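Notes follow the structure.
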Amino acid sequence: MKISFVKIIIFSFIVFLLVVFWRGLKIDNNYNTKSLIGSRISNFQLSEINDDDQYISEEDLKKNKYTLINFFASWCAPCRTEHKYLLNLLNKNKEIKIIGINFKDKKFNVNNFLNELGNPYNFVGKDIDGKISILFGIYGIPESILINNELTVIKKIIGPIDEIQYDDIIKLIQ
Amino acid sequence: MLSNIGISLVVLVSILSFLIIYIAYFDLKISKQIIEKKIYKLSLFQTTFTVLSFFTLVIAFINSDFSLINVYENSHTTKPLFYKIAGTWGNHEGSLLLWVNILVIFSYLFLVFNHAHNKKFRLYTLIFQNILILGFLFFLLLNSNPFSSIYPVPIEGLGLNPILQDPALAIHPPLLYVGFVGCSIYFSAAMASLLSGYSGKSFAQSIKTWVKVSWCFQTLGIIVGSIWAYYELGWGGFWFWDPVENASLLPWFAITALMHSLIVLEKRNTLYSWVIILCLLTFILSVMGTFLVRSGILNSVHTFASDPSRGVYILIFLSLMIFSSLTIFFIKYKKETYNFNLKSRETFILANNWFMAFFLVTVLIGMLYPIFLDVLTGIKISVGPPFFNIVIIPLVIPFMFLMAVGPKFGWIKSKNKILNKVLILILGAGIINIFILLFSDGYSLLSNLIFISAIFLIFHSLLDIKNFINNRNKLELPRIISHLGFGLLVFFIGINYQFSIEEDFNLKVGEIKKTSTYEISFEDIRIKESKNYKAVIGNFKLTNLKNNLAQYLGPEIRIYSNPETLTYEAAIRTKIHSDLYLTMSNVSRSDYYNIKFQKKPFMIWIWISALMISLGGFMQLTLKKNEN
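Below you can see the structure in the form of structure tokens.
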């Protein structure tokens, strides 16, 4: 076999792919998000999904003892799985308010999504072009940020909230 | 008892595989042009024992023999017989046994039916196929044994996931397995062709039937899965770009490209290397899809069977497959020169391949990118329908034009003057599009172009049918049917997307909700006890406000006992022009029910046109037989 540039490229690509798969098998769901914790939320303004005139800013969040900001979309499958934890959080805890930031979605679909699964949010903000989410340091959805009344991030969850994350949140806000 | 029989049979099949490889290898060196009789005999034994082992498992399921872990975990005595049988392949271990069955049966059939072809080529194919069989048998025995026994024997089983208890889903996996695992035989044949030098036209003839068979079954399997999603999942959609749906599309794109290129290889004796690549790729993608789904790397509704230890095994197997096939390919690769005239059929077939390659790469990126990101940076994202729709839909437009026009060109070089006809048809399609536009509130430029190109393809295919009636060239018909099916499919999906009505609201018993077109009255609710579930059935009266016609629909909430699960059964009234779709779910701690009402025009036509695509394939299979 003559070794050529193309062959080397193809082989290395396949090796890369297989290594990624291999690592993928071993991946655990604990993320290192320590660097984000402790930073503060800076000024932002968010309009309500169904009503442009209604909006919130960081001043409103200072009134809540704890706020969970959840980034979601109706087209995102993992968002469906975490939804029940958000609903539980709303029902079981009076200390925490949940703000949903709807990421690159259609109003019609969002309303259907919330009608179908229930609405855990005290406020649903719209982020049609995804720019506000970027300001929060969001890479993809779902992601959630837990902040206190000083607007300091005390927890960041990348990916859907699961049982362990849920228990963590409960512990943090007690 | 059944456990011992099953394991013995599987071990026996493995030994036979070794024997076949061994004898075939020595037979290769004998210059006689006929394959030794004992190879046929061994193959037949191997097939018989494999099928017997599968029936052993079926019997265990029918008798609810809970001494087998697999039966205990996936069945229950109160389950209807039909689902007891379907339960055999409704789980990882059982489906793997089905997988081995198809590998073995295809291996035998290929050996028997291809007697006219080169001996060396057939023996190499047999050897490679048996290596694949052994690989999967080891996997089955070491990691996923469906015959593992359990002691003490449990009295009752855990039951089959209720969402899988659906007729469409009972036949969906076997169809897909014939489709996907069927690809193995031309993977082996491609390797054999490289090693034996049996290439070109005769190679194309030896595999073409097998390619068509697996294409037909894959297409049908995907459609059945989609029908299941529509009726069972209760989301009102039929395609979600779910990772597993994507995993099933990848080999389909490759095999569709292969099926078309194979015609070029057969007629013009060129594109050999490309055909080999597609043969290898189709099966590699099938195994990769299996790996991603079964290892649990991909999360979706399908991950009924995720377990990383399986993943390791399939991954090693996949790596061996890729590296050995690629190495053999590169060693044996000979440069071909292509000399295609722009206005020839082969150019258009090549264009089909480019489109298929584009679709394949798009779906592959959408599927793998989140995995890459997760592994390399630890970030989890979800690539949703917006990505696929934006990237794929615009390309469907030129694709449909080429699909219509391409087959009209002759081989090598064509002087066909078809431009006038094309212009007239486009004009006609444009006019119909304007009529559709009149009924709708208006739609985007993209939708306009989709409609025009789809109608163009439909018109063109109808003209082809007219020509067929005149000249009776039977070979053309399957192609026309499939292409017409595709045009209709895109057209009806477009209509469906454009004119669907969807309403979401909460209702209590006795309340009435008025939408713009329907009045929905929640009359009452009743409880039905069934063999393996209890159902809460709502009684809804739907009155069409235009003509005051009333009809009743009864969506259900089912409470399955084994395992305890809630499922929502949509009430669907299918009519020739539209589907009425009603689902109901309970709102916790209240008397209200959440109601989702949808009117979806021409739903049934989406299924019919999709089935037409695969019907074309089946027609071609029967035609070719008559010809021979």
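Order-wise, the sequence lines are chains A and B. One rule links them: number in this note's numbering = place in the first sequence (from 1) + 3. One rule links them: number in this note's numbering = place in the second sequence (from 1) + 477. The beta carbon of each residue, even a glycine, is placed where N, CA and C say it ideally should be. On a predicted model such as this, the values are computed, not experimentally measured, just so you know.
Of all residues in the stretch 791 to 812 of chain B, only 792, 795, 796, 799, 800, 803, 804, 807, 808 place a beta-carbon less than 8 Å from a beta-carbon of chain A.
Boundaries of the alpha helix (DSSP H) harbouring residue 84 of chain A: 80 to 95, taken from the DSSP string. Taking the Cβ atoms as the reference, residue 490 of chain B lies roughly 5 Å from residue 527 of chain B, within the contact range of under 8 Å. Closer than 9 Å to the CB of residue 561 of chain B there is not a single CB belonging to chain A.
In terms of CA proximity to residue 509 of chain B, B:597 leads the group B:923, B:755, B:597, B:911. Within the stretch 130 to 141 of chain A, contact with chain B at the beta-carbon level (separation under 9 Å) is assigned to no residue. Taking a C-beta distance under 9 Å as the contact criterion, residue 609 of chain B and residue 538 of chain B do not qualify as a contact pair. Annotation: residue 695 of chain B to residue 771 of chain B spans about 19 Å, alpha carbon to alpha carbon. Cα atoms of residue 10 of chain A and residue 17 of chain A: separation of roughly 11 Å, rounded to the nearest angstrom. Residue-level contact check: residue 73 of chain A does not touch chain B, since none of the beta carbons of chain B fall below 9 Å from its beta carbon. Ranked by how close their Cα comes to the Cα of residue 148 of chain A, the residues A:57, A:43, A:95, A:117 have A:43 in first place. Nearest to residue 701 of chain B by alpha-carbon distance, out of B:885, B:715, B:759, B:506, is B:715. Our two residues, residue 848 of chain B and residue 698 of chain B, have alpha carbons roughly 26 Å apart in a direct line. Beta-bridge annotation (DSSP): residue 1018 of chain B is paired with B:998, B:1029. Under the DSSP assignment, residue 522 of chain B falls in the alpha helix (DSSP H) whose first and last residues are 514 to 539. Under the Cβ distance rule, residue 17 of chain A counts among the residues neighbouring chain B, one pair being separated by less than 9 Å. With respect to chain A, the C-beta atom of residue 620 of chain B has no partner C-beta closer than 9 Å. Ranked by Cα distance from residue 51 of chain A, the first of A:27, A:144, A:103 is A:103.
Assigned with DSSP and collapsed to three states, residue 1045 of chain B falls in strand. Nearest in C-alpha terms to residue 1080 of chain B, of all of B:859, B:1100, B:1053, B:630, is B:1053. Contact of residue 758 of chain B with chain A is not assigned, every C-beta pair being separated by 9 Å or more. Straight-line spacing of the CA atoms in residue 1099 of chain B and residue 1093 of chain B works out to 10 Å. Taking a contact to require three or more Cβ pairs closer than 8 Å, the stretch 801 to 817 of chain B and the stretch 663 to 681 of chain B qualify as touching. Our two residues, residue 1068 of chain B and residue 986 of chain B, have alpha carbons roughly 8 Å apart in a direct line.
Membership of residue 844 of chain B in the alpha helix (DSSP H) is indicated by the continuous run 822 to 854. The stretch 130 to 140 of chain A makes no contact with the stretch 825 to 834 of chain B; the number of CB pairs closer than 8 Å stays below 3. Annotated three-state conformation of residue 156 of chain A is strand, per DSSP. Per DSSP, residue 52 of chain A lies in no alpha helix (DSSP H) segment and is marked neither H nor E.
The shortest C-alpha to C-alpha distance from residue 850 of chain B to any of A:155, A:12, A:23 is the one to A:23. For residue 118 of chain A, the chain B residues whose Cβ falls inside 9 Å of its Cβ are 981, 982, 983, 1071, 1073, in order along the chain. Residue 1075 of chain B: member of the beta strand (DSSP E) spanning 1070 to 1078, first to last residue. In its chain, beyond the 5 residues on either side, 743 have a beta carbon closer than 7 Å to the beta carbon of residue 682 of chain B.
Annotation: Cβ neighbours of residue 789 of chain B in chain A (cutoff 7 Å, chain order): 28.
Residue nearest to residue 593 of chain B within the set B:680, B:637, B:544, B:642 is B:680 (criterion: CA-CA distance).
Excluding residues up to 5 positions away in sequence, 493 lie with their Cβ nearer than 8 Å to the Cβ of residue 522 of chain B in the same chain. Burial check for residue 1011 of chain B: the Cβ neighbour count within 10 Å stays below 16, so the residue is exposed.
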